[in-house]
Every structure is written in structure tokens, then in C-alpha cells.
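Heads up: the structure comes next, in C-alpha cells.
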Amino acid sequence: ALCPGWIAVVEDVEGAFLQGEFTDGEVIYMEVPEGWEEYYDEDTVLLLNVPIYGTKQGAACFYKKLVETVQGKMYQRSQADPCLYYRWKNGRLQFRAELS
């Protein structure tokens, strides 16, 4: 719930998991997805260029990129809640929450 006079803005990032980057030297392969077998030889594996949704690396890489971006915009992590970031801008307190 919001306090009176507060404004809430909700953002959704399409392809959010594609925004992350693998750490240096990290190499991830995957099997050909269902429905795509006709386009590849039977023993083909695919090298991922970016992290994708559904992989442990995808979630970790996305989270790292999210934190770097939020902190790069001068938000500070709340000591009370690690999913809450805040900053002062133009005399106003702004909050940003990481929601799953």
C-alpha cells in the first residue's frame, strides 16, 4: 500500500534475462530445444552467447546486471531490506524494489 501522495511506477523488462552477461571464461552449452531438432544434426549442442531464462546462470547474471545498473543510478541498498534501494533526487526520496 502507498502512503497518501506517493506515486507508484511499475516497470517490466522484456527479455530481462538476456541483459545479463556471462563471467569471463564461462562457457555454457545446451541441447537443441524441442521443436528445433529438424534444423540441426542429431548430435548437435548449442553454445549460448547470453544467459537465458531457466538456467541458474541466467538468474545470477541478470541479478548481477540489475544491481550494477541500480547502483550506477546512485541508488543505495537499504540495510532494512536488501531488495529495497533508495536515493534522494531533486529533494525527493525515491525507492526502487527488486520484485520476483
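Okay, so the sequence shown: first residue is 20 according to my numbering, each after it adds one.
For each residue, glycine too, the CB sits at the ideal point set by N, CA and C.
Just so it is clear, the structure is predicted and the values come from calculations on it, not from any experiment.
Report the partner residues of residue i according to the DSSP bridge assignment.
i    : result
K108 : R111
L85  : None; L85 has no bridge partner.
M49  : L65
Q95  : Y105
A116 : L103
At a cut-off of 7 Å, would you count residue i as near the ligand SAM, judging by its Cβ distance to the nearest heavy atom?
i   : result
V51 : The ligand SAM is not part of the structure shown, which contains no ligands of any sort.
Given a cut-off of 8 Å, decide if residue j and residue i are closer than it, judged by their beta-carbon atoms.
i    : j   : result
D110 : K83 : Correcting the residue type first, residue 110 is Gly in the shown sequence and not Asp. Going by C-beta atoms, G110 is not nearer than 8 Å to K83.
T42  : V51 : no
Between the segment 56-76 and the segment 99-113, are three or more C-beta pairs nearer than 8 Å?
no
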